[in-house]
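FYI, the numbering for the sequence shown is 194 to 326, going by this note's numbering. I have placed the structure first, in the form of structure tokens, so that the comments after it can refer back to it.
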Amino acid sequence: MTKTMEQAIFNAMVQWVSTHNYTMHTYQPLNNVEDYPFVVFEQTKTMYQANKTALLGNVTLSLSVWGEQEKRSQVSEMATTIFKGAFGINEAQGYYWSLNREKSMIQLLMDTTTNQPLVRANIELNFNLLGGI
């Protein structure tokens with residue numbers, strides 16, 4: 194079965210993050226806080242562009258790195274490593290990609306809604322579909 198373009202890029206990033214031995218979730222852990230830092234894959238957004246011969250577009254993948262406020266530098270380093278790793282994803286399950294660096298970003302936020310102050314690096318990766326299946 195052919196993967197959708199958003200599932201293909203999602204799987205490629207999950208695989209890339211897992212090769213770096215980061216603790217990772219494809220959902221937000223509930224009531225089960227574990228050791229920080231960890232990566233959470235949050236959502237995807239697909240914008241289609243039709244042309245005469247193919248359905249192209251882009252996929253935005255949102256993920257976060259969560260960590261303790263005292264280890265802000267570690268969270269920042271992990272987010273930057275993931276961001277740089279996305280540059281190297283050029284093919285995923287028959288689709289060809291290019292990371293749009295101008296529409297991708299990292300944002301560091303402080304979270305004081307828990308008993309333990311946390312820092313969250315919100316990463317948005319915008320991939321342009323160049324062609325494929």
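All C-beta atoms in this analysis are idealised placements derived from N, C-alpha and C, irrespective of residue type, glycine included. Bear in mind the structure is a predicted one, so any value in this text is a computation, not a measurement.
Looking only at DSSP bridge pairs, what is residue i linked to?
i             : result
aspartate 304 : Leu311
serine 214    : In the sequence as presented, serine is not what sits at residue 214; that position holds asparagine. Per DSSP, none; premise fails for asparagine 214.
In chain order, what residues of the same chain have a beta carbon less than 6 Å from the beta carbon of residue i, not counting five sequence neighbours either side?
i             : result
glutamine 300 : Asn315
lysine 196    : Gln286
Leaving out the 5 sequence neighbours to the left and right, which residues in its chain are closer than 8 Å to residue i when beta-carbon positions are compared?
i              : result
arginine 265   : Leu301 and Val312
glycine 324    : Ala247, Leu249, Tyr288 and Tyr289
asparagine 293 : Asn251, Asn319, Phe320 and Asn321
What is the C-beta distance between residue i and residue j, in whole angstroms, given that I count them as a contact (C-beta under 8 Å)?
i              : j             : result
methionine 217 : alanine 279   : Going by Cβ atoms, the distance from methionine 217 to alanine 279 rounds to 15 Å, so no, they are not a contact pair.
tyrosine 229   : glutamate 261 : 5 Å
Pick out whichever of the options has its Cα sitting closest to the Cα of residue i.
i           : options                           : result
valine 252  : Gly325, Asn321 and Ala272         : Asn321
lysine 296  : Asn283, Phe276, Asp228 and Asn244 : Phe276
alanine 231 : Leu254, Ala201, Lys238 and Ala272 : Per the sequence presented here, residue 231 reads as phenylalanine, with alanine not at that position. Nearest of Leu254, Ala201, Lys238 and Ala272 to phenylalanine 231, Cα basis: Ala272.
Which of the three DSSP states, helix, strand or coil, is assigned to residue i?
i              : result
glutamine 221  : coil
methionine 299 : The sequence shown places isoleucine at residue 299, not methionine. Correct three-state label for isoleucine 299: strand.
glutamine 242  : strand
Excluding the 5 residues preceding and the 5 following residue i in the sequence, name in chain order all residues of the same chain whose CB lies nearer than 7 Å to its CB.
i              : result
methionine 298 : Glu317
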